[in-house]
Every structure is written in structure tokens, then in C-alpha cells.
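Shown next, in C-alpha cells, is the structure this report addresses.
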Amino acid sequence: MIERVHEHIISELGQNTRTDTVFVLVAILLNLLTLGINSGVAAGGERTSTTWIVFFTFMVLVIIVNFVVEIGLIKGRQTRTKLINGLLKMYQDQGVAGYYDPSLLSNYTTRYNLFMMAVIATGLIAMIVPLVLIISP
0 MIERVHEHII SELGQNTRTD TVFVLVAILL NLLTLGINSG VAAGGERTST TWIVFFTFMV
60 LVIIVNFVVE IGLIKGRQTR TKLINGLLKM YQDQGVAGYY DPSLLSNYTT RYNLFMMAVI
120 ATGLIAMIVP LVLIISP
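If you're matching positions, the sequence shown starts at 0 in numbering that gives the first Met the number 0 and goes up one per residue.
This is the structure in C-alpha cells:
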């Protein structure tokens, strides 16, 4: 029975990693796409109501998607911590805790913080650069 629980926790950790990867990749790709589109709109000559609608639609999309991704990463970090703590408890109960370094938890926290900073940074750049282009003559 303990083997099944172990397999389930390991499977959940794998799913957690895949989900976080998708979150980060989607956010960064959307941010870069928005940067390109809105920079083109901002640097373009004539600004019609349609170009403003496109511009602000992408701005709102970046804000919403980045917010959702940040919440998803926070929940992913919490889930990973709980799963690893469960594994550590199981390893202690089985007398094999010495084979797993608990400092990995802090490494995962650092990794999540870096992912979150990358998403926020690209999101801010995707919004600030086009706005600067609009403001500058």
C-alpha cells in the first residue's frame, strides 16, 4: 500500500511540474506577443479607434493572464511543498529519510520565485514599452 501512495505522490509532483511549466510558458509567450503587437501599434502612424481597441485589449489580456498565472504558481508552490512534506514524512516512517535532502524545499521556493519574477518582468515590459512609444513624439 505504501508503494501506491508513494507512486501517487510522485505522479502528483510530475503533474504539478507540467502545469507550472505550461503556466510560465503561456504567460511569457503572451507577454512577448503583446509587446510586439502593441509596440507595432504604438509606433505606427495613424491611430484609429480600432488600433486603440486592439492596444487596450492586449493590455487587459496581459494583466488578466499574468494575474491568473501568478495565482497558479503560488498554488503550485503550496501543493509541491505539501507533497514533498508528505514524502519526507513517509521516508522518515520507512527509515530512509537520509536519502532525501530537505533543503530541496528551499530550492523549489527559489525556483518558483524566479518563475514569478520572469512572468511579472515580461508582463511589465509588454505594457511599459508600448506606452512609452505612444507618449514619445
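Ideal placement from N, C-alpha and C gives every residue a C-beta, glycine not left out.
Sequence-distant Cβ neighbours of Gly75 in its own chain, meaning closer than 6 Å and more than five residues away, are Asn15, Asp19. With contacts defined by Cβ atoms closer than 8 Å, Ala125 and Val61 form a contacting pair.
A straight-line Cα-Cα distance of about 8 Å links Pro101 and Leu87. In the structure shown, Met116 falls within a helical segment according to DSSP collapsed to helix, strand and coil.
If you ignore the 5 residues before and after Glu11, its C-beta comes within less than 6 Å of the C-beta of Leu82, all in its own chain and listed in chain order. Per DSSP, the unbroken alpha helix (DSSP H) holding Val23 starts and ends at 1 to 42.
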